[in-house]
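Trainee: Letter 29 of the sequence shown, counting from 1, is numbered 515 in my numbering, and no numbers are missing.
Can you read through this structure? Questions will come right after.
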Amino acid sequence: MYRRIAFSGNHPALVDIAEHYQVSVQSMSLYYSRMNPNFLERFAFYTDDEIEKEKEDNFEKTDTSLALTLLASIEASFRVDYLRRCYCRMKDPLSRNFRELYKKNRRVSLEDDLLAIWKSNFPELSPLVGNIMGAFRYRHWLAHGRYWVPKLGRRYDFLNIYDLACTIDEKFQFEGL
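Next up, the structure:
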């Protein structure tokens, strides 16, 4: 049998990620406003359009970075649930399917293995699984350097990925999370 993976319990909660997003947005809003005590010094030679462009660029970077953090947290939830179900030898059909997979393969794909098993055990989650897979195509594009034009079918940002994460928390019955 394979060596067990120890869980760090350290992946951030959705509420913590959302709070960090809110603090970042509020901080940048103040930074780029005339209320910033250093505004005149910092932006002395900028036009209003240049300030706005820099602000938008930094908002986008923050949005993208924290969307990536959310997606990593979503993946961690699925993987920790999978391992807990295997290690605790739970008897429900989903857990049995996971244990069969665990016995065959140490390297498990989120999309090809875990989500497929969830989908086969809970067909009513099929549309949500499709949304999750779309969001992970966005993550792959972000994580691999953004050098191609992605065909995502929709626009992804922090807020719609946060909504997806909340829906996942509500609809999936994760063990021990």
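Think of the CB as a built atom: it goes at the ideal place given N, C-alpha and C, for glycine as much as any other residue.
May I have the straight-line CA-CA distance separating residue 610 from residue 538, to the nearest angstrom?
Mentor: 44 angstroms
Trainee: Cα separation between residue 576 and residue 582?
Mentor: In a straight line, the C-alpha of residue 576 is about 7 angstroms away from that of residue 582.
Trainee: Can you tell me whether residue 594 is helix, strand or coil according to DSSP?
Mentor: Correct three-state label for residue 594: coil.
Trainee: Should residue 532 be labelled buried (16 or more other beta-carbon atoms within 10 Å of its own) or exposed?
Mentor: exposed
Trainee: Taking C-alpha atoms, which residue in 594, 641, 634 lies nearest to residue 561?
Mentor: 594
Trainee: Along the chain, where does the alpha helix (DSSP H) that runs through residue 559 open and close?
Mentor: 534-573
Trainee: For the alpha helix (DSSP H) that residue 620 lies in, which residues bound it at each end?
Mentor: 612-629
Trainee: Just the Cα atoms here: how many angstroms apart are residue 592 and residue 620?
Mentor: 25 angstroms
Trainee: Is it the case that the Cβ atoms of residue 588 and residue 572 are separated by a distance below 7 angstroms?
Mentor: yes
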